[in-house]
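Okay, so the sequence shown: first residue is 5 according to my numbering, each after it adds one. Heads up, the beta-carbon is just placed ideally off N, CA and C, and yes, glycines get one too. A short write-up of the structure that comes next.
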Amino acid sequence: MAKKVESANIWMIKEKDAEATLVAHRAEVDKFLHPDKILPNVVGMAVGAKVTDGKPTGESALIVLVTQKLEKSILPAGAIIPEELGGHKTDVMAIGIPMAGGEPKSEAFSPLVLNNRVRPAKGGYSVGHKDITAGTIATGVYDTLPGGKVSPPVHGIGMPPKYYILSNNHVLAASNAGQIGDEVLQPGAFDGGKDPEDRIGTLFRFVPIDFSEPRESQNNTVDCALALVEFSNIDREIYWSGEVRGWKQKNFVKVGDLVKKTGRTTAFTTGRITAVNATVDINYGQDKVARFKDQIITTSMSEGGDSGSLITTLDNVAVGLLFAGSSTVTIANQIENVRALLKVEVAEQVIN
5 MAKKVESANI WMIKEKDAEA TLVAHRAEVD KFLHPDKILP NVVGMAVGAK VTDGKPTGES
65 ALIVLVTQKL EKSILPAGAI IPEELGGHKT DVMAIGIPMA GGEPKSEAFS PLVLNNRVRP
125 AKGGYSVGHK DITAGTIATG VYDTLPGGKV SPPVHGIGMP PKYYILSNNH VLAASNAGQI
185 GDEVLQPGAF DGGKDPEDRI GTLFRFVPID FSEPRESQNN TVDCALALVE FSNIDREIYW
245 SGEVRGWKQK NFVKVGDLVK KTGRTTAFTT GRITAVNATV DINYGQDKVA RFKDQIITTS
305 MSEGGDSGSL ITTLDNVAVG LLFAGSSTVT IANQIENVRA LLKVEVAEQV IN
């Protein structure tokens, strides 16, 4: 008997309820995640659908993100997550330890690995700063062109002066350690990429990641960077997925949406958005942790080496830039934030 496909409707939450929960999230998140008060195993808070007996109810809730769920009976009274915060119900989502990057798998472990040299390069293939292992190309992008007095800014008219590979800061800029002009290889060094023969471009622009303390003062929203490339060396098509036909504003990225990506390690995967507006602490290794706000959480659809993949709807509208995850979830920046902070055009249309 064929397995019944789960309806997206049971994941969807009413817009009015979601907005009220977002207001509660803004009021409670900084207090709840304050380092002096944070509960054991808690790594973040988001907005999503409350789950009962393993099934989403469609009821909006403040989702407390934990590394693992523990029975209340073994927790001290002060470590139990309250059933309500700010007058809104809570729920708990176990996400493991969220990591940025992670060690890429080699072809010996998976025949799906997109680790070969490709010119023009496509989204989904291996790429990396000369000093890191390997991540993934999101897609080809270019500088935002003037669009007149329009809100939100739209695609303008003109001739782009430069073209870029879009990926993560930790992929193209070595987690802030890179210098503008550094060599970027395709495939990445882990996949045999060498300089100068596999140099596809140079680091051009990145948004620095704030690792400073106290963590609650950080205001990270994106892990993103650009490599300047020759026009003929980058293709805007994403391998096995096609060209991006538009991008989605973050207010229209909803819990329950079905999404897909093509990445260097796990190739083509699909998933579902399970939480939005997430504030979550991400481990970058070497005792570096950064708190990110306004993030998307999906079901597990990536592994180490997939960082930088572009997450789109099933009909190729960009919603997020994959940058972190665990064995149970994938975490992505809102593409609207990436576009605005890097000042690049990912696609010519806003499609909500």
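Would you decide whether residue i is buried or exposed? Buried here means 16 or more other CB atoms lie within 10 Å of its CB.
{"i": "proline 150", "result": "exposed"}
{"i": "phenylalanine 256", "result": "exposed"}
{"i": "methionine 97", "result": "buried"}
{"i": "arginine 30", "result": "exposed"}
{"i": "glycine 91", "result": "exposed"}
{"i": "alanine 191", "result": "Before going on, a small fix: residue 191 reads as proline here, not alanine. Proline 191 should be labelled buried."}
{"i": "asparagine 120", "result": "exposed"}
{"i": "phenylalanine 36", "result": "buried"}
{"i": "glutamine 290", "result": "exposed"}
{"i": "isoleucine 242", "result": "buried"}
{"i": "histidine 38", "result": "exposed"}
{"i": "asparagine 281", "result": "buried"}
{"i": "proline 108", "result": "buried"}
{"i": "alanine 6", "result": "Reliability fails at alanine 6, whose pLDDT of 41 lies under 50, so the model's placement of it is uncertain and no value is given."}
{"i": "valine 263", "result": "buried"}
{"i": "glycine 162", "result": "exposed"}
{"i": "threonine 274", "result": "exposed"}
{"i": "alanine 28", "result": "buried"}
{"i": "isoleucine 136", "result": "buried"}
Note down the Cα distance separating residue i from residue j, rounded to an integer number of angstroms.
{"i": "valine 342", "j": "threonine 270", "result": "23 Å"}
{"i": "leucine 207", "j": "lysine 18", "result": "43 Å"}
{"i": "alanine 83", "j": "leucine 43", "result": "5 Å"}
{"i": "arginine 123", "j": "glutamate 187", "result": "17 Å"}
{"i": "isoleucine 277", "j": "valine 226", "result": "18 Å"}
{"i": "aspartate 57", "j": "aspartate 95", "result": "12 Å"}
{"i": "valine 33", "j": "glutamate 217", "result": "18 Å"}
{"i": "asparagine 337", "j": "leucine 326", "result": "7 Å"}
{"i": "lysine 166", "j": "serine 236", "result": "12 Å"}
{"i": "glutamate 234", "j": "aspartate 310", "result": "24 Å"}
{"i": "alanine 193", "j": "isoleucine 238", "result": "19 Å"}
{"i": "lysine 76", "j": "glutamate 87", "result": "12 Å"}
{"i": "threonine 140", "j": "arginine 268", "result": "5 Å"}
{"i": "alanine 125", "j": "threonine 143", "result": "9 Å"}
{"i": "glycine 127", "j": "glycine 308", "result": "16 Å"}
{"i": "glycine 196", "j": "valine 248", "result": "29 Å"}
{"i": "aspartate 211", "j": "lysine 20", "result": "In the sequence on display, residue 211 carries valine and not aspartate. Between valine 211 and lysine 20, the C-alpha separation is close to 33 Å."}
Any idea what DSSP makes of residue i, helix, strand or coil?
{"i": "arginine 121", "result": "coil"}
{"i": "arginine 343", "result": "helix"}
{"i": "aspartate 199", "result": "coil"}
{"i": "aspartate 21", "result": "helix"}
{"i": "alanine 31", "result": "helix"}
{"i": "serine 179", "result": "coil"}
{"i": "asparagine 172", "result": "coil"}
{"i": "methionine 16", "result": "coil"}
{"i": "alanine 336", "result": "strand"}
{"i": "glycine 82", "result": "helix"}
{"i": "lysine 65", "result": "Checking the sequence, you will find alanine at residue 65 rather than lysine. Reduced to three states, the DSSP call for alanine 65 is strand."}
{"i": "alanine 193", "result": "helix"}
{"i": "lysine 59", "result": "strand"}
{"i": "lysine 41", "result": "coil"}
{"i": "lysine 126", "result": "strand"}
{"i": "lysine 76", "result": "helix"}
Below 7 Å CB to CB, which residues in the same chain sit around residue i once its five sequence neighbours on both sides are set aside?
{"i": "alanine 112", "result": "Confidence in alanine 112 is poor, its pLDDT being 49 and thus under 50, which makes the residue's placement unreliable; the coordinate value appears in the next sentence. Closer than 7 Å at Cβ, skipping near neighbours: no residue."}
{"i": "valine 284", "result": "Val47, Gly48, Leu69, Pro102, Phe296, Gln299 and Ile335"}
{"i": "threonine 332", "result": "Ala98, Ile99, Gly100 and Ser304"}
{"i": "lysine 347", "result": "Asp147 and Thr148"}
{"i": "aspartate 202", "result": "Arg121, Leu189, Gln190 and Pro191"}
{"i": "isoleucine 85", "result": "Leu43, Val68, Thr94 and Val96"}
Leaving out five residues on either side along the sequence, give the residues of the same chain with a beta carbon under 8 Å from the beta carbon of residue i.
{"i": "asparagine 287", "result": "Ile101, Pro102, Met103, Ala104 and Val293"}
{"i": "alanine 231", "result": "Val131, Tyr168, Ile169, Ser171, Leu176, Val188, Ile204, Gly205, Thr206, Leu207 and Phe208"}
{"i": "alanine 65", "result": "Thr25, Val51, Gly52, Ala53, Lys54, His92, Lys93, Thr94 and Asp95"}
{"i": "glutamate 220", "result": "Asp34, Leu37, His38, Pro39 and Arg295"}
Would you please verify whether the beta carbon of residue i is less than 9 Å from any beta carbon of chain D?
{"i": "proline 102", "result": "Protein chains in the displayed structure number just one, and chain D is not present."}
With a threshold of 8 Å (Cβ to nearest heavy atom), would residue i be considered close to the ligand NAD?
{"i": "valine 47", "result": "Looking at this structure, you won't find the ligand NAD or any other ligand, since it has none at all."}
Short of 6 Å in beta carbon distance, which residues of its chain neighbour residue i, apart from the five on each side in sequence? Order them along the chain.
{"i": "serine 245", "result": "Thr266"}
{"i": "threonine 61", "result": "Lys54"}
{"i": "glutamate 63", "result": "Lys54"}
{"i": "glutamine 129", "result": "Residue identity differs from the one stated: residue 129 is tyrosine in this sequence, not glutamine. Within the same chain, tyrosine 129 has close Cβ partners Leu118, Val122 and Ile141."}
| For the region 212 to 275, which segments carrying the beta strand (DSSP E) assignment without a break, of at least 3 residues, lie completely within its bounds, in sequence order? | 229 to 233, 238 to 242 and 262 to 267
| message | Going residue by residue through the region 275 to 330, where are the continuous beta strand (DSSP E) segments of at least 3 residues, counting only ones entirely within it? | response | 293 to 303, 314 to 317 and 321 to 329
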